[in-house]
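Presented below is the structure to which this report refers.
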């Protein structure tokens, strides 16, 4: 977007429609305390061009970070397979089991695995997420205790008893 230029009021108005998105791309949050309507054409043009440079730099840094995370994960994964003499699915199961042993198993564990390793938004991360979902679905007894016939405990009732002075 370098070289962006506002020459008409229509260009200016169009820019006001998407400048918040560009700002968020550059800094990770929406702009606050800017009165863009009071900017001149040149001020807004310069502002947008500066934002574009920052957003491009951030995108490149994020891509480099993700590439590093993918390389690091692949190295750990391949080392595990080689040292233990196991295949892809077993290595994935072991890594996921190690992750949930530390973090706990919940509805977000599959996604969290990718975030934890910095690979969630990569091709590898998307593939692993599908494979882990299949792993969990294919092993419900391992990941979800369905044979537990205990009565389901009402957590709210327990909390009310613990913190209600009438039950003290």
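In our numbering, the protein residues as written are 114 to 281.
C-beta: ideal position from N, C-alpha, C; glycine also.
- Query: If you run the structure through DSSP and keep just helix, strand and coil, what is residue 233?
  - Reply: coil
- Message: Considering only their Cβ atoms, is the gap separating residue 208 from residue 200 smaller than 8 angstroms?
- Response: no
- Message: Do residue 119 and residue 154 have their beta-carbon atoms positioned less than 8 angstroms apart in this structure?
- Response: yes
- Message: I'd like to check one pair, residue 164 with residue 136: are the Cβ atoms closer than 8 angstroms?
- Response: yes
- Cα separation between residue 159 and residue 116? 9 angstroms
- Cβ neighbour criterion (16 or more within 10 Å) applied to residue 238: buried
- Item | For residue 223, the nearest candidate out of 241, 235 and 234 (CA to CA) | 241
- Query: Rounded to a whole number of angstroms, what is the C-alpha to C-alpha distance between residue 196 and residue 134?
  - Reply: 47 angstroms
- For residue 117, which of helix, strand or coil comes out of DSSP? coil
- Query: Going by Cα to Cα distance, which pick from 230, 138, 227 and 235 is closest to residue 172?
  - Reply: 138
- Sort 236, 244 and 213 by Cα distance to residue 229 and report the nearest one. 213
- Task: Please check the pair residue 231 and residue 179, which I expect to be a contact at CB under 8 angstroms, by giving their CB distance rounded to whole angstroms.
- Result: 7 angstroms
- Helix, strand or coil for residue 219, going by three-state DSSP, please let me know. coil
- Query: What's the gap between the Cα of residue 244 and the Cα of residue 123?
  - Reply: 49 angstroms
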